[in-house]
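Heads up: the structure comes next, in structure tokens.
Residue numbers (the numbering used here), protein chains in the order written: chain A, 1046 to 1192; chain B, -14 to 136.
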């Protein structure tokens, strides 16, 4: 009788130990994953709150069929030029040239710097241009037509 | 006396078998529960990391193509921190409260997945949309966005 009780208790104890180990690993991993996600989300919310841009000029040149947009980073976060999107009358523009303070190679658009976007091959005046930054902060302005 | 030893042996074997089966059921149940907790953690972290923004110009007259094929064109930017799939299965859409399944998703960037910072174009087929105010609700992985425009 004595061996039966202690043997069964040992088996149940080992099973409980294994079970607790599995459950602890799963809950700790999940908790850590969700905590990391919340931290990333809070970081992004802060970045978005610190982001601001201003459209200085939006000029459509009807002779050259080109659109020139000048924007200033008025926030305190550094933005990426490759993550900036330009919509001309809700049409997503691609293949345009960019320059930050005259530098066409850089991908960084730092606070207080000016970004110039030059899109060509636009045959009609789009009327409205929207510039969207990486964190999702955007600005809209109407075009000024020159020839 | 031999009969007592045999009885003890039988009781010992029986108790071992019962304990082993209880232990087996217990560990299997805890294993399933752990998998469920793990999956739930993955889902919740995915939902927290997902953030999209409709970047279309709501004031533009080109949002709805009333003279052409009757499409609502939206541009949606991934502003979260995780890759999403650029296919209609990832997105749920409601136009004026009605669930819509007829729409196309085009990735406007290189690569196969909808990475953070990239944009997809969503074209919703809604021929014959009446003049007036309309709203589109877009749900991606639990993140809801509403876009209002005028025809």
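Glycine included, every Cβ here is placed at the ideal spot set by N, Cα and C. What you are looking at is a predicted structure, and each value in this text was computed from that prediction instead of being measured.
Select from B:87, B:89 and B:82 the residue whose C-alpha is nearest the C-alpha of residue 119 (chain B).
Residue 119 (chain B) sits at position 134 when you count from the first residue of the second chain. When only C-alpha atoms are compared, the closest one is B:82.
Go ahead and pull the three-state DSSP assignment for residue 1167 (chain A).
As a position in the first chain, residue 1167 (chain A) is number 122, starting the count at 1. Correct three-state label for residue 1167 (chain A): coil.
Helix or strand or just coil, what does DSSP make of residue 1081 (chain A)?
Translated into the one-based positions of the first chain, residue 1081 (chain A) becomes position 36. Three-state result, residue 1081 (chain A): helix.
Run the CB neighbour count on residue 1128 (chain A), radius 10 Å, all protein chains shown included, and call it buried at 16 or more, exposed below.
As a position in the first chain, residue 1128 (chain A) is number 83, starting the count at 1. The residue is buried, with at least 16 neighbouring Cβ atoms inside 10 Å.
Checking the sheet assignment: what are the DSSP bridge partners for residue 1100 (chain A)?
Mapped onto the first chain, residue 1100 (chain A) falls at position 55. Note: residue 1100 (chain A) sits in a beta bridge opposite A:1116.
How about residue 1106 (chain A): is its C-beta nearer than 9 Å to some C-beta of chain B?
Along the first chain, read from residue 1 onward, the residue named residue 1106 (chain A) stands at position 61. By this cut-off, residue 1106 (chain A) is not an interface position.
Would residue 1057 (chain A) and residue 8 (chain B) be called neighbours here (beta carbons separated by less than 9 Å)?
The residue given as residue 1057 (chain A) occupies position 12 in the first chain. The residue given as residue 8 (chain B) occupies position 23 in the second chain. In contact: residue 1057 (chain A) and residue 8 (chain B) (Cβ atoms closer than 9 Å).
Using only CA atoms, which one of B:124, B:98, B:0 and B:88 lies nearest to residue 1052 (chain A)?
By one-based count along the first chain, residue 1052 (chain A) stands at place 7. For residue 1052 (chain A), the nearest C-alpha among the options comes from B:0.
Which residue or residues does DSSP assign as beta-bridge partners of residue 197 (chain B)?
Not covered by the structure: residue 197 (chain B). The range shown for chain B is -14 to 136.
Along the beta strand (DSSP E) that carries residue 128 (chain B), what are the first and last residues, could you check?
Your numbering for residue 128 (chain B) matches position 143 in the second chain. Taken as a continuous stretch (DSSP letters only), the beta strand (DSSP E) holding residue 128 (chain B) covers 128 to 135.
Which residue from A:1107, A:1148 and A:1166 puts its Cα closest to that of residue 1019 (chain A)?
For chain A, the structure presents residues 1046 to 1192; residue 1019 (chain A) sits outside this window and is missing.
Is residue 1157 (chain A) near residue 1119 (chain A), with beta carbons less than 9 Å apart?
Position 112 of the first chain holds residue 1157 (chain A). Position 74 of the first chain holds residue 1119 (chain A). Contact: yes.
Which residues, in order along the region 1126 to 1142 of chain A, keep a beta-carbon less than 8 Å from a beta-carbon of chain B?
1127, 1128, 1130, 1132, 1134, 1135, 1136, 1137 and 1139
Rounding to the nearest angstrom, what Cα-Cα distance links residue 1096 (chain A) and residue 1143 (chain A) in this structure?
Sequence index remark: in the first chain, residue 1096 (chain A) carries index 51 (1-based). Sequence index remark: in the first chain, residue 1143 (chain A) carries index 98 (1-based). C-alpha separation (whole angstroms): 19 Å.
Nearest to residue 1070 (chain A) by CA position, among B:110, B:39, B:-11 and B:23, is which residue?
To locate residue 1070 (chain A), count along the first chain from 1; it is residue 25. If we check each option's Cα against that of residue 1070 (chain A), B:23 comes out closest.
If you draw a straight line from the C-alpha of residue 1105 (chain A) to the C-alpha of residue 1136 (chain A), how long is it?
Taking the first chain and counting its residues from 1, the one referred to as residue 1105 (chain A) is at position 60. Taking the first chain and counting its residues from 1, the one referred to as residue 1136 (chain A) is at position 91. Answer to the nearest angstrom: the Cα atoms are 15 Å apart.
So, helix, strand or coil for residue 1134 (chain A), using DSSP?
Taking the first residue of the first chain as 1, we reach residue 1134 (chain A) at position 89. It is coil, neither helix nor strand.
Is any beta-carbon of chain B found at less than 9 Å from that of residue 1185 (chain A)?
The residue given as residue 1185 (chain A) occupies position 140 in the first chain. Yes - at least one Cβ of chain B is within 9 Å of the one on residue 1185 (chain A).
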